[in-house]
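Chains as they are written, first to last, in our numbering: chain A, 1 to 229; chain B, 230 to 458.
There are 2 protein chains.
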Amino acid sequence: MRYAVLGTGMVGRTLAAKLVASGYEVTVGTREVADTLARETADAMGNPPYRQWQQQNPQVGLASFADAAAGAQVVVAALSGTGALAALRAAGAANLAGKTLIDVSNPLDFSAGFPPRLDPVDTDSLGERIQREFPEAKVVKTLNTVTAAVMVDPARVPGAHSIFVSGEDALAKQTVRALLEEFGWPAEEIVDLGGIESARGTEMYLRLWLTMMGAFGTADFNIHVQRAR
Amino acid sequence: MRYAVLGTGMVGRTLAAKLVASGYEVTVGTREVADTLARETADAMGNPPYRQWQQQNPQVGLASFADAAAGAQVVVAALSGTGALAALRAAGAANLAGKTLIDVSNPLDFSAGFPPRLDPVDTDSLGERIQREFPEAKVVKTLNTVTAAVMVDPARVPGAHSIFVSGEDALAKQTVRALLEEFGWPAEEIVDLGGIESARGTEMYLRLWLTMMGAFGTADFNIHVQRAR
């Protein structure tokens with residue numbers, strides 16, 4: 001299986017490294033390959049230059065959004081909330097059509113400082129916006145409720161804890177479930193919330209997640225859904 | 230300790246009954262006592278007439294918002310999101326001043342159908358609005374993340390699960406913690422999120438809660454916060 005991971009930030013890097021370690025071919029997608037490789041300073045979130053990371057992860061390819069998506073069977077959107085739709089437009093609807101599009105992004109807008117605002121919020125979600133704009137892609141929202149390190153290594157958080165999936169396509173959700181299990185998520189902790197509209201729930205949960213991160217002083221936490229079985 | 234429970238809906242009734250069972254004096258507050266007792270049909274949420282409930286709970290008093298609040302040492306706001314501020318204005322700032330005001334309400338607006346919208350959302354919360362409008366009250370947001378029956382009987386949900394508190398006043402939060410423990414919440418599951426602004430987190434979580442209720446077909450669930458200790 002060939003994966004494209006759109007986004008060169010910490011989330012994209014973490015997912016790309018894990019996918020390679022799991023035996024997949026992975027190409028990271030970026031706006032301008034030359035610009036990404038030319039950067040010599042840390043990015044806005046404090047991540048070291050991509051070129052440095054690439055040297056430590058030589059198996060991960062780097063290509064334009066469009067080339068990465070075109071060559072992949074599954075596409076992962078690991079994009080900033082404010083840049084996600086533009087990046088997917090650059091990837092191109094034809095290169096996403098018919099493919100599972102795993103959206104792990106959150107619609108966080110840091111333009112007014114911290115805590116970030118959510119945009120959209122309440123009556124729409126980024127997951128829905130992506131699905132509406134790319135109706136031939138099979139969008140599955142998942143992993144957006146945990147920090148990058150926990151996404152690919154749930155054992156960082158002790159005990160049982162849950163991860164959500166939202167999407168319209170049952171087969172695409174099956175693909176994502178299998179991947180989540182490869183990442184270490186127990187099958188019984190993968191909570192199917194329903195269609196892509198349910199992404200509103202997990203995106204809006206981010207405000208509580210940010211609050212807890214502040215209160216706990218760490219991002220290594222998660223929630224477990226407890227219910228009668 | 231004398232409690233006022235403002236609100237005659239299912240949440241108010243459930244909390245009032247539990248507080249009486251715990252040995253407290255409880256007066257439910259309502260807009261117009263005569264109107265509340267005259268109602269002979271189920272309310273908009275399908276709850277049976279208040280008078281019927283009162284006959285089964287004769288120890289619970291009923292008074293106007295103002296009289297209930299005036300006679301209480303602790304006030305519980307178990308109000309609809311759209312009616313909460315008006316009800317608290319009717320209770321009167323002087324009758325709330327210096328008192329712990331436990332806000333269990335959620336700012337749900339059902340005027341456009343289901344799922345309800347949140348108002349306010351993202352950049353403000355109902356908990357903050359209440360604290361701003363009644364600066365002499367000691368507002369503590371809690372219990373708004375679980376269904377009424379679970380609020381007062383956490384054992385309805387199996388295993389460990391968490392409840393949040395948000396508020397500015399440390400002593401008021403201690404009062405609330407003690408009450409939550411009386412309700413059956415283990416001390417280690419009471420998560421202090423910080424000041425009242427953190428109510429944004431638990432109020433916005435409601436969207437995920439509503440989504441899960443739909444997916445699970447029951448309101449008897451909750452989340453457990455898992456983190457390294």
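Where a beta carbon is used, it is the ideal one built from N, C-alpha and C, also for glycine.
Identity of the residue in the options nearest residue i by Cα
i                 : options                                : result
PRO383 of chain B : B:LEU439, B:ALA448, B:THR311           : B:ALA448
VAL262 of chain B : B:GLN288, B:LEU235, B:MET239           : B:LEU235
ALA313 of chain B : B:GLY396, B:GLN283, B:GLN360, B:ILE419 : B:GLN360
VAL74 of chain A  : A:THR145, A:LYS173, A:ARG156, A:PRO116 : A:LYS173
ALA326 of chain B : B:PRO364, B:ARG436, B:VAL240, B:GLY241 : B:PRO364
PRO349 of chain B : B:GLY238, B:LEU408, B:ARG436           : B:ARG436
ASN247 of chain A : A:VAL146, A:GLY46, A:VAL76, A:ASN47    : No statement about residue 247 of chain A is possible, as the shown extent of chain A runs from 1 to 229 and does not include it.
GLU462 of chain B : B:PHE393, B:ASP398, B:ILE425           : What is shown of chain B runs 230 to 458, which leaves residue 462 of chain B out entirely.
HIS161 of chain A : A:ALA44, A:SER111, A:VAL150            : A:VAL150
LEU67 of chain A  : A:ILE196, A:GLY217, A:ARG2, A:PHE221   : According to the sequence provided, residue 67 of chain A is Asp. The question's Leu does not apply to it. Among A:ILE196, A:GLY217, A:ARG2, A:PHE221, the Cα nearest to that of ASP67 of chain A belongs to A:ARG2.
ALA63 of chain A  : A:LEU179, A:LEU79, A:ARG31             : A:ARG31
GLN288 of chain B : B:THR270, B:VAL249, B:ALA315, B:ALA322 : B:VAL249
PHE339 of chain B : B:GLN283, B:ALA377, B:THR265, B:ALA273 : B:ALA273
GLN54 of chain A  : A:SER22, A:ILE196, A:THR147, A:GLY12   : A:GLY12
MET10 of chain A  : A:LEU37, A:ALA87, A:ALA42              : A:ALA42
ALA4 of chain A   : A:VAL28, A:ALA78, A:GLY113, A:PHE114   : A:VAL28
DSSP bridge partner residues for residue i (one or two, in chain order)
i                 : result
ASP338 of chain B : B:ARG346
ALA63 of chain A  : A:GLY29
PHE164 of chain A : A:VAL191
PHE450 of chain B : A:ARG227
Residue i versus residue j: straight-line alpha-carbon distance, rounded
i                 : j                 : result
ALA228 of chain A : ALA444 of chain B : 13 Å
ARG318 of chain B : SER198 of chain A : 36 Å
ALA91 of chain A  : TRP185 of chain A : 29 Å
ASP124 of chain A : TRP209 of chain A : 19 Å
GLN455 of chain B : SER105 of chain A : 22 Å
THR100 of chain A : LYS138 of chain A : 5 Å
GLN285 of chain B : THR404 of chain B : 28 Å
GLY81 of chain A  : ALA416 of chain B : 37 Å
GLY423 of chain B : ARG406 of chain B : 13 Å
MET442 of chain B : THR243 of chain B : 19 Å
PHE167 of chain A : ILE102 of chain A : A quick correction: the sequence has Gly, not Phe, at residue 167 of chain A. Rounded to the nearest angstrom, the two C-alpha atoms are 9 Å apart.
GLY127 of chain A : ILE223 of chain A : 21 Å
ALA517 of chain B : ILE190 of chain A : Residue 517 of chain B falls outside the range modelled here, since chain B spans only 230 to 458, and no answer is possible.
ARG429 of chain B : ASP351 of chain B : 7 Å
THR374 of chain B : ASP421 of chain B : 14 Å
GLY159 of chain A : GLU203 of chain A : 23 Å
TYR277 of chain A : ARG39 of chain A  : One cannot answer for residue 277 of chain A here, as it falls past the ends of chain A, which runs 1 to 229.
THR8 of chain A   : VAL386 of chain B : 41 Å
THR142 of chain A : LEU400 of chain B : 40 Å
ASN47 of chain A  : VAL26 of chain A  : 20 Å
LEU337 of chain B : ARG117 of chain A : 19 Å
ASP35 of chain A  : PHE412 of chain B : 58 Å
PHE221 of chain A : GLN281 of chain B : 45 Å
VAL381 of chain B : ALA301 of chain B : 20 Å
ILE425 of chain B : ARG358 of chain B : 10 Å
Where residue i falls: helix, strand or coil (DSSP)
i                 : result
GLN455 of chain B : strand
TYR434 of chain B : coil
PHE134 of chain A : coil
THR404 of chain B : helix
ASP169 of chain A : coil
ASP332 of chain B : strand
GLY413 of chain B : coil
VAL230 of chain A : A query on residue 230 of chain A cannot be resolved here, the shown segment of chain A reaching from 1 to 229 and no further.
ALA271 of chain B : coil
ASP351 of chain B : coil
SER80 of chain A  : coil
VAL240 of chain B : helix
GLY71 of chain A  : coil
GLY388 of chain B : coil
THR147 of chain A : coil
Where the beta strand (DSSP E) containing residue i begins and where it ends
i                 : result
THR371 of chain B : 367-371
ARG2 of chain A   : 2-6
VAL304 of chain B : 303-306
Heavy atom of the ligand SAM within 7 Å of residue i beta-carbon
i                 : result
GLU254 of chain B : Ligands displayed in this structure: none; no statement on the ligand SAM is therefore possible.
Boundaries of the alpha helix (DSSP H) in which residue i is found, first to last residue
i                 : result
TYR540 of chain B : Here chain B comprises residues numbered 230 to 458, so residue 540 of chain B is not present and cannot be evaluated.
ASN95 of chain A  : 93-96
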